[in-house]
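Participant: This is the structure, below, for whatever I ask next.
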Amino acid sequence: MSDLLELDSTTWHRLRGAALDKKTLCFELLSNRTTSTSASFIIYRARIPGGWLLTVRPHDSVTFVPDPLHEWNGGSGD
């Protein structure tokens, strides 16, 4: 799983091109900003049944965001 957490832009685009393979998780890089100058993180999301799988780097964390209709556009709504 750690290989998926370390996707760079080139790798992500290559995997996106393989989206027809139902066994491939395609991660999308989300834009983010923070008010802290010391905090730096990268968030990716993958569309999975029932919602989104999110990965956060460099914290090596993974979480599920329920969204059965996949309506979330990736923003925080502010």
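The working numbering numbers the first residue of the sequence shown as 221 and each following residue consecutively.
Every residue, glycine too, gets a C-beta built ideally from N, C-alpha and C.
Quantities reported herein were computed from a predicted structural model and do not represent experimental measurements.
Quick one: Cα of residue 283 to Cα of residue 253, how far?
Facilitator: 19 Å
Participant: Starting from the Cα of residue 244, find the closest Cα among 251, 263, 268, 261 and give me that residue.
Facilitator: 268
Participant: Identify, in the order they occur along the chain, each residue of the same chain with its Cβ nearer than 8 Å to the Cβ of residue 286, setting aside the five sequence neighbours on each side.
Facilitator: 270, 271
Participant: Can you tell me the Cβ-Cβ gap for residue 295 and residue 265, rounded? I've got them flagged as a contact below 8 Å.
Facilitator: Actually they are not in contact, since the Cβ atoms of residue 295 and residue 265 sit about 11 Å apart, beyond 8 Å.
Participant: I'd like to know whether the C-beta atoms of residue 250 and residue 263 end up nearer to each other than 8 Å.
Facilitator: A contact, by the Cβ cut-off of 8 Å.
Participant: For the beta strand (DSSP E) containing residue 272, name the first residue and the last one.
Facilitator: In the DSSP annotation of this structure, the continuous segment of the beta strand (DSSP E) that includes residue 272 starts and ends at 271 to 277.
Participant: What would DSSP say about residue 283, mapped onto helix, strand or coil?
Facilitator: strand
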